[in-house]
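**Student:** Protein sequence lines, in the order shown, are assigned to chains A and B.
Residues in the first sequence are numbered from 0 upward in steps of one, following numbering that gives the first Met the number 0.
Residues in the second sequence are numbered from 0 upward in steps of one, following numbering that gives the first Met the number 0.
Idealized CB from N, CA, C, for every residue including glycine.
All of these numbers come straight from a predicted model, not from anything done at the bench.
What follows is a single structure, and I will ask about it in a moment.
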Amino acid sequence: MAIRRKLIAGIASLLTFVFNGVVQAASDLNMRPGVTETSNEAFNLHMMVVWVMVAISVVVFGAMIYSFIFHRKSKHPTPAKFSHSTLVEMIWTIIPILILIYLTIPAVKLLIKMEDASNPEMSIQVTGSQWKWHYKYLEHDVDFFSNLDRSLTEKDENYLLEVDNALIIPADTKVRFLVTASDVIHSWWVPDLAVKKDAIPGFINETWTSIPAEHAGKTFRGQCTELCGKDHGFMPVVVKVLSKADFKAWLAQKDEERIAAEKAAAEAAAQSWDMEKLMTLGKEVYDAKCGMCHQANGLGLPPAFPALKDSPIALGPVEAHIDIVVNGKSGTGMAAYGPQLTDAELAAVITYERNAWENNTGDKVQPADIQAFKAGN
Amino acid sequence: MGDHHPTGFTRWLYTTNHKDIGSMYLWFSFVMFLIGGAMAMVIRAELYQPGLQFVEPNFFNQMTTMHGLIMVFGAVMPSMVGLANWLIPMMIGAPDMALPRMNNWSFWILPFAFFLLLSSLFMEGGAPNFGWTFYAPLSTTFGPPSTDFFILGVHMMGISSIMGAINVIVTVFNMRAPGMTLMKMPLFVWTWLITAFLLIMVMPVLAGTVTMMLTDRHFGTAFFDAAGGGDPVMFQHIFWFFGHPEVYIMILPAFGVVSEIIPTFSRKKLFGYSSMVYATASIALLSFIVWAHHMFAVGMPVAGELFFMIATMLIAVPTGVKVFNWVATMWQGSLTFETPMLFSIAFVILFTIGGFSGVMLAMAPVDFQYHDTYFVVAHFHYVLFPGAIFGTTAAVYYWLPKWAGKMYNETAGKIHFWLSMIFVNLTFFPMHFSGLAGMPRRIPDYNMMFADFNMWASIGAFGLGLTQIYFLVIVLLTLKNGKKAEDKQWEGASGLEWDALPSPAPYHTFSTPPKVD
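Listed below in structure tokens is the structure:
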């Protein structure tokens with residue numbers, strides 16, 4: 000009795016599990032309509048072409064299946080003799096042309112609309128680099144890098160789809176994105192906005208979105224969609240939408256933060272840092288920014304990402320070391336970290352690289368040295 | 000004339016015989032198919048679940064790159080050249096290919112080209128890791144040192160392909176038996192003739208592309224380097240001017256194969272022979288004016304996008320004509336379903352599904368959502384695996400009795416078919432869904448929301464891989480123990496190779512040309 004009840008309960012829970020799975024799957028199978036007018040229109044066009052294709056398959060595969068059943072040798076031992084019919088061939092050339100025209104008209108209209116980035120209310124420059132995005136608000140003194148949040152694990156809902164600084168945009172505003180890249184080609188994609196544009200070094204591509212007010216407060220996630228090297232799968236795009244008022248407040252807060260940061264940096268630069276403090280901050284910065292390529296043990300992944308342990312840069316003149324970290328090295332994956340880190344962070348990470356892994360140069364680089372270097376450039 | 004030829008290794012090294020060379024091409028392509036397949040297994044194992052389990056991202060990129068290059072240039076293209084070598088002379092009543100020594104050379108370049116390419120896996124910095132499309136500047140300024148080996152390898156396989164194509168064209172135009180007019184040629188010969196012209200047109204473009212890469216990398220030019228006044232987008236235009244005709248190079252001969260097989264097992268003539276020829280030629284011509292549909296996201300002017308969108312959608316018309324003709328060939332025929340027919344029917348159905356997703360991708364405003372996602376991966380694997388590779392598989396089952404004089408085990412063939420059919424769909428169909436859900440291609444790790452699709456695709460891929468090893472077993476057992484094949488193994492077959500030649504076809508055939516009415 001008890002076994003039977005358990006068995007029934009087991010089967011019931013299994014069925015529920017399968018049923019839930021099917022329901023879940025069905026909603027996951029299709030493209031998402033997204034939240035903008037253009038993304039909805041793209042979705043509708045997608046559905047339209049899907050149903051046209053389904054209708055064609057029913058006719059074509061239906062005819063084939065009919066043949067398989069009724070024209071098999073056992074049912075239909077004497078084959079027909081025809082091998083040509085001008086009329087039929089005309090018909091099945093003209094009908095597909097008509098279907099294609101039917102599909103093309105809405106596609107042309109939507110394409111023209113999607114590519115019209117004129118009269119924007121604000122512009123944001125989006126720059127891809129290995130392997131992060133940089134956002135610069137052209138009408139405001141705000142710009143920041145957006146890096147993958149590596150603290151999440153596979154189990155987290157937003158694994159690989161979360162960043163430290165999301166792009167913040169206002170709702171109900173035509174926002175133009177000017178998309179470019181500083182090293183290789185990337186591609187900036189947010190599925191829910193139906194915006195995908197390649198970020199190409201030397202080119203500035205235009206695209207735009209306008210998110211209805213009701214979506215203020217929501218976050219939309221996408222990924223880089225052009226193979227851009229080792230960590231192509233690890234540079235998500237996260238867009239957070241605020242109401243117009245909240246966006247204004249956010250801008251003001253960003254302004255305050257910038258002023259505070261400049262002040263803090265100036266204070267930090269004025270101090271002389273001891274070795275321990277430099278090494279502690281340096282390790283933190285190194286693990287966050289440098290370790291992905293040069294590896295935590297400083298051995299790198301040569302030849303693309305050279306070792307820093309015993310390297311001529313880390314053991315050579317300090318000036319050259321500061322130069323490569325601040326300005327990067329063109330033609331390689333080494334980005335310019337001058338704009339990405341504070342002077343104190345730069346000083347610390349350079350000190351760290353010169354003393355970790357038995358490099359032991361004993362050199363201490365001070366924030367003031369970085370300031371002096373930048374001033375001299 | 001007897002079967003005079005050296006024995007042992009020198010037979011194969013020195014051979015100028017189209018049948019020997021055809022066999023070498025086919026075996027070579029199968030070996031490459033297994034190597035490229037093994038790389039696919041690495042990719043699918045890593046993608047079985049979220050998280051990085053087996054390989055590092057950089058090695059993952061090497062695997063996707065090498066898988067693509069090896070399957071395109073090592074497996075699919077040489078298998079088609081192998082079929083051309085075996086079949087074209089027998090089908091048009093010629094004693095051999097027109098340029099037999101060049102034929103030998105064009106094959107023997109290939110093992111060296113792929114040795115170069117594969118050796119890059121063991122070099123410092125690893126194999127090419129920039130995708131089989133090798134977009135600049137990732138492949139130029141940022142490419143690993145082994146990129147130069149890749150460039151030389153591509154040059155060599157390009158030379159091989161061009162020579163193969165010249166050979167087909169010269170053979171078809173000069174070696175046909177009396178009475179074999181162009182419009183009497185079997186459709187396989189037609190599709191290969193058109194393919195050969197495509198090869199001659201676009202392989203030099205590929206050679207130019209990789210040469211510019213080489214000079215960019217080492218000789219200070221800046222063709223593709225924006226910092227030097229060059230243009231990374233131009234790389235894509237040139238690459239896809241080669242790349243789009245290339246996809247028809249891989250599929251047109253398979254069109255020819257199923258156009259031979261479906262009439263045989265329908266016991267009915269091919270419907271609309273001349274419209275098939277014209278449709279193939281139109282597809283080939285259109286393939287030159289659609290390349291930028293691979294690049295809708297690069298920021299082309301709207302006028303350009305509109306042109307490439309509409310031109311691409313037009314390809315559906317001649318392709319549709321071909322599919323309708325195959326269906327009409329079966330209509331009111333007298334059908335039987337031997338293994339080659341099963342693979343051909345699956346070809347028609349699954350290639351058509353790949354064509355449907357092709358039309359979807361052609362529509363630029365929605366392509367922004369599909370582009371560079373797994374939807375594209377699903378699309379091109381549907382036209383390549385159940386397309387090109389099922390086509391070659393059907394050809395092997397269909398002509399093996401003629402080539403080897405031995406008949407494969409029909410039950411084993413059917414098991415191979417049904418397993419392939421199930422697993423190919425299990426592998427590639429879920430990729431449509433992961434793409435629509437937003438999964439970019441060429442990523443080694445992914446969010447949990449794509450997990451189910453990837454798990455199914457991986458299970459399917461492992462099954463599909465094992466099934467192809469079963470194919471190898473079937474072919475080997477046939478060659479060893481197969482029952483003697485009849486001269487005309489298939490009741491409904493027609494064509495010189497079945498009507499005028501015994502099975503197995505002798506080493507030298509048609510030393511005196513047959514008469515064609």
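Starting from the Cα of Pro144(B), find the closest Cα among Asp362(A), Tyr136(A), Thr331(A) and give me that residue.
**Tutor:** Sequence index remark: in the second sequence, residue 144(B) carries index 145 (1-based). Checking every option, the nearest Cα to that of Pro144(B) belongs to Thr331(A).
**Student:** Please state whether DSSP places Lys108(A) in a helix, a strand or coil.
**Tutor:** Residue numbering aside, residue 108(A) sits at position 109 when the first sequence is read from its first letter. Correct three-state label for Lys108(A): helix.
**Student:** Going by the CB atoms, is the gap between Leu115(B) and Phe148(B) shorter than 8 Å?
**Tutor:** The residue given as residue 148(B) occupies position 149 in the second sequence. The residue given as residue 115(B) occupies position 116 in the second sequence. Contact flag set, yes.
**Student:** Between Ala170(A) and chain B, is there a C-beta pair that is closer than 8 Å?
**Tutor:** Along the first sequence, read from residue 1 onward, the residue named residue 170(A) stands at position 171. Taking Cβ atoms only, chain B never reaches closer than 8 Å to Ala170(A), which makes this a no.
**Student:** Among residues of its own chain, excluding the 5 on either side of Trp497(B), which ones have a beta-carbon nearer than 8 Å to its beta-carbon?
**Tutor:** The residue given as residue 497(B) occupies position 498 in the second sequence. Here the set comprises Lys401, Asp486, Lys487, Gln488, Trp489.
**Student:** Suppose only complete runs of 3+ residues qualify. What are the beta strand (DSSP E) ranges in the segment 180–230 of chain A, listed by chain order?
**Tutor:** As far as the segment 180–230 of chain A is concerned, its whole beta strand (DSSP E) runs of at least 3 residues are 185–189, 194–198, 204–209, 218–222.
**Student:** Is the beta carbon of Lys112(A) sitting closer than 8 Å to the one on Thr37(A)?
**Tutor:** Against the first sequence, residue 112(A) aligns to sequence position 113. Against the first sequence, residue 37(A) aligns to sequence position 38. Yes, the Cβ-Cβ distance between Lys112(A) and Thr37(A) is below 8 Å.
**Student:** Any beta-carbon of chain B closer than 8 Å to the one on Ile123(A)?
**Tutor:** Within the first sequence, the letter at position 124 stands for residue 123(A). No - not a single Cβ of chain B is within 8 Å of the one on Ile123(A).
**Student:** How many Å lie between Phe374(B) and Leu360(B) at the Cα?
**Tutor:** Position 375 of the second sequence holds residue 374(B). Position 361 of the second sequence holds residue 360(B). Distance between the alpha carbons of Phe374(B) and Leu360(B) is about 9 Å.
**Student:** Fully enclosed by the segment 403–464 of chain B, which alpha helix (DSSP H) runs are 4 residues long or longer?
**Tutor:** Fully enclosed alpha helix (DSSP H) runs of 4 or longer: 409–435.
**Student:** Would you identify the three-state DSSP class for Phe28(B), choosing helix, strand or coil?
**Tutor:** Looking up residue 28(B) in the second sequence gives position 29. First, the residue type needs correcting, since residue 28(B) is Ser and not Phe in the sequence shown. Correct three-state label for Ser28(B): helix.
**Student:** I'd like to know whether the C-beta of Ser281(B) is nearer than 8 Å to at least one C-beta of chain A.
**Tutor:** Residue numbering aside, residue 281(B) sits at position 282 when the second sequence is read from its first letter. So, not an interface residue.
**Student:** Identify each residue in the segment 145–165 of chain A for which the Cβ-Cβ distance to at least one residue of chain B is less than 9 Å, and report them in chain order.
**Tutor:** So the close ones are Thr152, Glu153, Lys154, Asp155, Glu156, Asn157, Tyr158, Leu159, Leu160.
**Student:** Here's the rule I'm using: 16 or more other beta-carbon atoms within 10 Å means buried, otherwise exposed. How should Ser510(B) be labelled?
**Tutor:** What you label residue 510(B) is simply residue 511 of the second sequence in a count that begins at 1. That one is exposed.
**Student:** Are Ala106(A) and Leu44(A) closer than 8 Å when you measure CB to CB?
**Tutor:** Residue mapping note: residue 106(A) aligns to position 107 of the first sequence, counting from 1. Residue mapping note: residue 44(A) aligns to position 45 of the first sequence, counting from 1. Yes, the Cβ-Cβ distance between Ala106(A) and Leu44(A) is below 8 Å.
**Student:** Out of Pro119(A), Ile321(A), Gly232(A), which has the shortest C-alpha to C-alpha gap to Gly221(A)?
**Tutor:** Numbered from 1 along the first sequence, position 222 holds the residue referred to as residue 221(A). Nearest C-alpha to Gly221(A): Gly232(A).
**Student:** Taking only the alpha-carbon atoms, compute the straight-line gap between Gly130(B) and Ala291(B) and give it to the nearest angstrom.
**Tutor:** As a working mapping, residue 130(B) is identified with position 131 in the second sequence. As a working mapping, residue 291(B) is identified with position 292 in the second sequence. Going by the C-alpha atoms only, they are around 18 Å apart.
**Student:** Check the Cβ of Lys483(B) against every Cβ in chain A and list those closer than 9 Å, keeping chain order.
**Tutor:** Reading the second sequence from its first residue, position 484 is the one you call residue 483(B). Within chain A, no residue comes near Lys483(B); the closest Cβ sits about 24 Å away, beyond 9 Å.
**Student:** Check each residue of the segment 302–318 of chain B: if its Cβ is closer than 8 Å to any Cβ of chain A, include it; give the result in chain order.
**Tutor:** The residues in question are Glu304, Leu305, Met308, Ile309, Met312, Leu313, Ala315, Val316.
**Student:** Are three or more beta carbon pairs between the segment 162–175 of chain B and the segment 89–103 of chain B nearer than 8 Å?
**Tutor:** Flag = yes, the segment 162–175 of chain B and the segment 89–103 of chain B touch.
**Student:** For Arg71(A), which residues in chain B fall below 8 Å Cβ to Cβ?
**Tutor:** Numbered from its first residue, the first sequence carries residue 71(A) at position 72. Within 8 Å Cβ-Cβ: Ser333, Leu334, Thr335, Phe336.
**Student:** Kindly say whether Phe176(A), judged by its beta-carbon, lies nearer than 8 Å to any beta-carbon of chain B.
**Tutor:** Reading the first sequence from its first residue, position 177 is the one you call residue 176(A). Output row for Phe176(A): interface = no.
**Student:** Quick one: what does DSSP say Gly142(B) is sitting in, helix, strand or coil?
**Tutor:** As a working note, residue 142(B) is residue 143 in the second sequence. Coil at Gly142(B), not helix or strand.
**Student:** Could you check if Met0(B) is buried or exposed, using at least 16 other CB atoms within 10 Å of its CB as the buried criterion?
**Tutor:** Taking the first residue of the second sequence as position 1, residue 0(B) is located at position 1. Residue placement at Met0(B) is poorly supported in this model, since its pLDDT is 47, which falls under 50; the coordinates are not used for a value here.
**Student:** Between which two residues does the beta strand (DSSP E) carrying Gly127(A) extend?
**Tutor:** If you number the first sequence from 1, residue 127(A) lands on position 128. Element bounds for Gly127(A): 121–128.
**Student:** May I ask which residues mark the beginning and end of the alpha helix (DSSP H) holding Asp215(B)?
**Tutor:** Along the second sequence, one-based indexing puts residue 215(B) at 216. Where Asp215(B) is concerned, the enclosing alpha helix (DSSP H) stretches over 186–217.
**Student:** Can you look up Phe342(B) in the DSSP assignment and give me helix, strand or coil?
**Tutor:** As a position in the second sequence, residue 342(B) is number 343, starting the count at 1. Residue state, collapsed to three classes: helix.
**Student:** Exposed or buried, what is Gln52(B) when buried is set at 16 or more other beta-carbons lying within 10 Å of its beta-carbon?
**Tutor:** Counting from 1 along the second sequence, the entry for residue 52(B) is found at position 53. Gln52(B) is exposed by the Cβ-count criterion.
**Student:** Taking just the CA atoms, how far does Thr279(B) sit from Ile250(B)?
**Tutor:** Position 251 of the second sequence, counting from 1, holds the residue named residue 250(B). Position 280 of the second sequence, counting from 1, holds the residue named residue 279(B). For Ile250(B) and Thr279(B), the distance between alpha carbons rounds to 11 Å.
**Student:** Report the neighbours of Ala106(A) on chain B: residues whose CB is nearer than 8 Å to its CB, in chain order.
**Tutor:** In the first sequence, residue 106(A) corresponds to position 107, counting from 1. Here the neighbours are Met308, Met362, Ala363, Pro364, Val365.
**Student:** So if I threshold CB-CB distances at 8 Å, which residues from the segment 219–245 of chain A count as touching chain B?
**Tutor:** From the segment 219–245 of chain A, only Gly221, Gln222, Cys223, Thr224, Glu225, Leu226, Cys227, Gly228, Lys229, Asp230, His231, Gly232, Phe233 have a Cβ closer than 8 Å to chain B.
**Student:** Who does Ser145(A) pair with in a DSSP beta bridge?
**Tutor:** Translated into positions along the first sequence, residue 145(A) becomes position 146. Ser145(A) is bridged to Trp132(A).
**Student:** I'd like to know whether the C-beta of Val324(A) is nearer than 8 Å to at least one C-beta of chain B.
**Tutor:** Here residue 324(A) refers to the residue found at position 325 when the first sequence is read from its first residue. With 8 Å as the cut-off, Val324(A) does not count as an interface residue toward chain B.
**Student:** What span of residues does the alpha helix (DSSP H) with Ile323(A) cover, start to end?
**Tutor:** Here residue 323(A) is taken as the residue at index 324 of the first sequence, counted from 1. Unbroken alpha helix (DSSP H) run through Ile323(A): 317–326.
**Student:** So with Cβ pairs under 8 Å, would you call Gly332(A) a contact of chain B?
**Tutor:** What you label residue 332(A) is simply residue 333 of the first sequence in a count that begins at 1. With 8 Å as the cut-off, Gly332(A) counts as an interface residue toward chain B.
**Student:** So, are the CB atoms of Ala126(B) and Thr64(B) less than 8 Å apart?
**Tutor:** Position 127 of the second sequence, counted from the first residue, corresponds to residue 126(B). Position 65 of the second sequence, counted from the first residue, corresponds to residue 64(B). Closer than 8 Å, so yes.
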